[in-house]
Amino acid sequence: MREHLSQKELLDHIGKLQDRERQKITSMGLSNWVLFATIGTLSYLLFPGISLIRDNFYFTMLSYVLFLNLVIAVFDVFNSRFRQQKY
Numbered sequence: 001m002r003e004h005l006s007q008k009e010l011l012d013h014i015g016k017l018q019d020r021e022r023q024k025i026t027s028m029g030l031s032n033w034v035l036f037a038t039i040g041t042l043s044y045l046l047f048p049g050i051s052l053i054r055d056n057f058y059f060t061m062l063s064y065v066l067f068l069n070l071v072i073a074v075f076d077v078f079n080s081r082f083r084q085q086k087y
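Each residue of the sequence shown is one higher than the one before, counting from 1 in my numbering.
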């Protein structure tokens, strides 16, 4: 490859690279969904307690949301302190 590319050639090359990455991501999408479905199905069959989630759906979702908010809040505290020490 030549050392010096014009701006148009460079932008075209970057566009082609981005298209390749998008194609990789979209082609892998189906395999990721198949993997998630397989893990979910096996979990449902192997752990009978998972059916209790359906029975207590609202409590489970409330607990999940509260736990997720707690984790994000703790992460934000540590992240802000880390950024303060970094600079």
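Built from N, CA and C at the ideal position, the CB exists for glycine as well.
Alpha carbon of H13 to alpha carbon of R20, nearest angstrom
Going by the C-alpha atoms only, they are around 11 Å apart.
Do Y58 and I50 have their CB atoms nearer than 9 Å?
Cβ atoms of Y58 and I50: not closer than 9 Å.
Distance between T26 and F78 (C-alpha atoms, nearest Å)
For F78 and T26, the distance between alpha carbons rounds to 35 Å.
Could you give the distance in angstroms between the alpha-carbon of H4 and the alpha-carbon of Q85?
Roughly 42 Å between the two C-alpha positions.
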